[in-house]
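Participant: Residue numbers (my numbering), protein chains in the order written: chain A, 453 to 605; chain B, 520 to 724.
Structure below; questions to follow.
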Amino acid sequence: MKRNMQLMLLCALPLAALSAGCCSKYLAFGTATKFGLDITQKPDETIDVTMGYDRYEVASIPVPEQNKKGEGNSATDADDSYSVLATFYVKYGNPFTGNGLRLNQFFATGMAARELAERGEMREFLGDAAGRLQGASEDAKAAGVATKKKETQ
Amino acid sequence: MAPCLHFESLVSRLSPCARLVTRLAGAWLLLSLLAGCTWHGAQTDYVFGPALVRYQPASDTTRSAFLETRQFPLAFEGGSQWGITVGWFDRFTVAAREQKPGTPLRLPTQSEHRAMERMPWEWTFVYFPARFERPREFSSRGRIGVTAGAGAEYFGLSAGYGRTTRLVPKGDGVYRLDFQEDNSPATIFEVWPAASLSQTNTNTN
């Protein structure tokens with residue numbers, strides 16, 4: 453009985469970990485900073501074990517539904533859950549000295565992303581705007597910039 | 520050490536039943552003094568036990584609604600996010616403030632930040648159950664110590680320092696977020712809904 457319970461517990465943890473983030477069909481951005489021992493399920497559904505220092509940035513974007521042949525697209529002219537246009541700036545420092553995490557994001561989703569993509573000034577802006585704050589250009593060296601652009605149709 | 524021994528010698532004189540009741544009462548008293556609890560409901564968070572709270576309700580039209588809680592040395596969570604932390608625990612959630620149609624798109628400026636930083640964000644000590652409307656879109660969780668959690672915001676086990684953030688936009692729109700861990704209440708988080716975007720100009724200066 454005791455052995456069965458142990459077996460159930462051993463099975464339950466990975467199964468619960470797999471089921472928690474599985475099948476998420478929504479847009480999500482995530483970051484993590486860790487120091488020590490950490491066993492985490494990332495937003496992109498993989499299990500991560502860390503000993504020491506680590507950090508990551510994740511953008512999880514649902515993909516358009518397709519048929520069995522790999523064709524088709526569920527986005528329409530009026531409804532689009534898949535287009536994302538984003539700038540993502542993240543800066544890490546020592547959290548114990550008042551230089552902790554700094555996040556600066558500017559992003560558009562769905563129909564709003566389509567609308568922005570049609571504007572010339574926004575196309576230009578999103579090309580170099582990540583982390584741009586007036587008077588904060590000295591932070592640029594520490595900036596990690598990721599630009600995701602996904603157009604459907 | 521001496522008070523513990525004194526307590527034990529007192530307890531040992533009691534009958535087995537009274538001893539059990541005394542020990543349970545002692546454990547409950549200790550937990551109630553040390554453990555901060557949060558229950559994450561569908562729309563609201565309930566905070567009880569010793570906790571520090573900073574809260575900005577959604578009714579304010581100039582700032583984003585936020586809720587920040589800090590608990591030490593023991594924190595429990597339940598509801599949509601389960602967890603236990605032995606150590607220091609901090610959780611900050613903020614909702615995007617909807618911009619009126621016609622408001623130009625722009626990035627946060629330094630003057631905006633200075634204005635936010637000057638605001639008197641004081642902590643409130645909470646012990647008895649308090650109910651807060653929960654901002655949902657962006658969350659940041661920090662911990663120092665040993666943590667176990669199960670939920671959308673955090674799923675795992677950790678020992679040491681950690682901070683995770685999660686942003687899930689509510690609907691189609693253009694979002695602007697500026698978050699600083701050291702000054703969470705100064706967070707700027709705004710959204711221009713897709714439906715009103717055609718009336719919106721762009722200001723990239």
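Glycine included, each C-beta is placed from N, C-alpha and C at the ideal position.
Which residue marks the beginning of the beta strand (DSSP E) containing E567 of chain A, and which one marks its end?
Facilitator: It is not in any beta strand (DSSP E) - E567 of chain A instead sits in the alpha helix (DSSP H) that spans 562-569.
Participant: DSSP three-state label for S658 of chain B, please.
Facilitator: strand
Participant: Let me confirm a value: P623 of chain B is counted as buried when at least 16 other C-beta atoms fall within 10 Å, else exposed. Which label applies?
Facilitator: Under a 10 Å Cβ-count criterion, P623 of chain B is classified as exposed, with fewer than 16 other Cβ atoms of the shown protein chains found around its own Cβ.
Participant: Kindly say whether A480 of chain A, judged by its beta-carbon, lies nearer than 7 Å to any beta-carbon of chain B.
Facilitator: yes
Participant: Nearest-angstrom Cα distance between A582 of chain A and F698 of chain B?
Facilitator: Its pLDDT being 39, under 50, A582 of chain A is placed unreliably in this model, and the coordinates cannot settle the point.
Participant: Starting from the Cα of K486 of chain A, find the closest Cα among B:Y694, B:T666, B:P704 and give me that residue.
Facilitator: B:T666
Participant: Rank B:H525, B:R695, B:A669, B:V613 by C-alpha distance to the C-alpha of W711 of chain B and give the top, closest one.
Facilitator: Of B:H525, B:R695, B:A669, B:V613, the residue nearest in Cα terms is B:R695.
Participant: Is it the case that the Cβ atoms of A511 of chain A and F558 of chain A are separated by a distance below 7 Å?
Facilitator: no
Participant: In whole angstroms, what separates the C-alpha of V536 of chain A from that of R566 of chain A?
Facilitator: 8 Å
Participant: Compare the C-alpha of A678 of chain B against each of B:G606, B:F647, B:G560 and name the closest.
Facilitator: B:G606
Participant: Where DSSP assigns a beta bridge to H559 of chain B, which residues make up the other side?
Facilitator: DSSP output for H559 of chain B lists B:D564, B:G598 as bridge partner(s).
Participant: Between A569 of chain A and chain B, is the shortest Cβ-Cβ distance under 7 Å, so that the two count as touching?
Facilitator: no
Participant: Quick one, are the C-beta atoms of V572 of chain B and T557 of chain B less than 7 Å apart?
Facilitator: no
Participant: Go ahead and pull the three-state DSSP assignment for L555 of chain A.
Facilitator: strand
Participant: Measure from the alpha carbon of L552 of chain B to the alpha carbon of each residue in B:F567, B:R542, B:T563, B:T706, then state which is nearest.
Facilitator: Taking only the C-alpha atoms, the option nearest L552 of chain B is B:F567.
Participant: Going by C-alpha to C-alpha distance, which of B:V540, B:T612, B:K619 sits closest to R685 of chain B?
Facilitator: B:T612
Participant: If the cut-off is 7 Å on Cβ atoms, which residues from the segment 681-702 of chain B count as contacting chain A, listed in chain order?
Facilitator: Listed in sequence order: G681, R682, T683, T684, R685, L686, V687, P688, D691, G692, V693, Y694, R695, L696, D697, F698, Q699, E700, D701.
Participant: Can you tell me which of the three DSSP states S534 of chain B falls into?
Facilitator: coil
Participant: At the 7 Å Cβ level, is L716 of chain B part of the contact set with chain D, yes or no?
Facilitator: Judged by its chain identifiers, the structure shown contains no chain D, and its protein chains are A and B.
Participant: Spell out whether any CB of chain B is found under 7 Å from the CB atom of K486 of chain A.
Facilitator: yes
Participant: Which one of B:P704, B:L549, B:A594, B:S583 has the shortest CA to CA distance from G664 of chain B?
Facilitator: B:A594
Participant: According to the Cβ coordinates, are E672 of chain B and S659 of chain B closer than 7 Å?
Facilitator: no
Participant: For a contact defined as C-beta to C-beta under 8 Å, what are the partners of L476 of chain B on chain A?
Facilitator: What the structure shows of chain B is the stretch from 520 to 724, and residue 476 of chain B is not part of that stretch, so it cannot be assessed.
Participant: Compute the Euclidean distance between the alpha carbons of P535 of chain B and P648 of chain B, then round it to the nearest angstrom.
Facilitator: 34 Å
Participant: Return the CA-CA distance between V540 of chain B and V530 of chain B, expressed in angstroms with no decimal places.
Facilitator: 10 Å
Participant: For L676 of chain B, which residues in chain A fall below 7 Å Cβ to Cβ?
Facilitator: Chain order gives the chain A residues near L676 of chain B as I491, where near means a beta carbon separation below 7 Å.
Participant: Kindly list the residues whose CB is nearer than 6 Å to the CB of F608 of chain B, restricted to its own chain and excluding five residues on each side of it in sequence; keep chain order.
Facilitator: So the qualifying residues of the chain are Q590, A594, R662.
Participant: Taking the C-alpha atoms as reference points, what is the distance between E641 of chain B and V693 of chain B?
Facilitator: 31 Å
Participant: Counting along the chain, where does the beta strand (DSSP E) carrying R650 of chain B start and finish?
Facilitator: 649-652
Participant: Does chain B have any CB closer than 7 Å to the CB of F558 of chain A?
Facilitator: yes
Participant: Between which residues of its own chain and Q618 of chain B is the CB-CB distance below 7 Å, once the five residues before and five after are set aside?
Facilitator: A distance below 7 Å between beta-carbons, with the five flanking residues on each side excluded, links Q618 of chain B to the following residues of its chain, in chain order: E709, V710, W711.
Participant: Report yes or no: is there a C-beta of chain B within less than 7 Å of the C-beta of T498 of chain A?
Facilitator: Nearest CB-CB separation between T498 of chain A and chain B: not below the 7 Å threshold.
Participant: With a threshold of 7 Å between beta-carbons, can A564 of chain A be considered close to chain B, or not?
Facilitator: yes
Participant: By DSSP, does P688 of chain B sit in helix, in strand, or in coil?
Facilitator: coil
Participant: Please list, in chain order, the chain B residues whose beta carbon lies closer than 7 Å to that of P514 of chain A.
Facilitator: Chain B residues near P514 of chain A: none, gap ~12 Å exceeds 7 Å.
Participant: Give the single residue among B:F585, B:S583, B:R538, B:P569 whose Cα lies nearest to the Cα of V645 of chain B.
Facilitator: Each of B:F585, B:S583, B:R538, B:P569 was checked against the Cα of V645 of chain B, and the nearest Cα belongs to B:P569.
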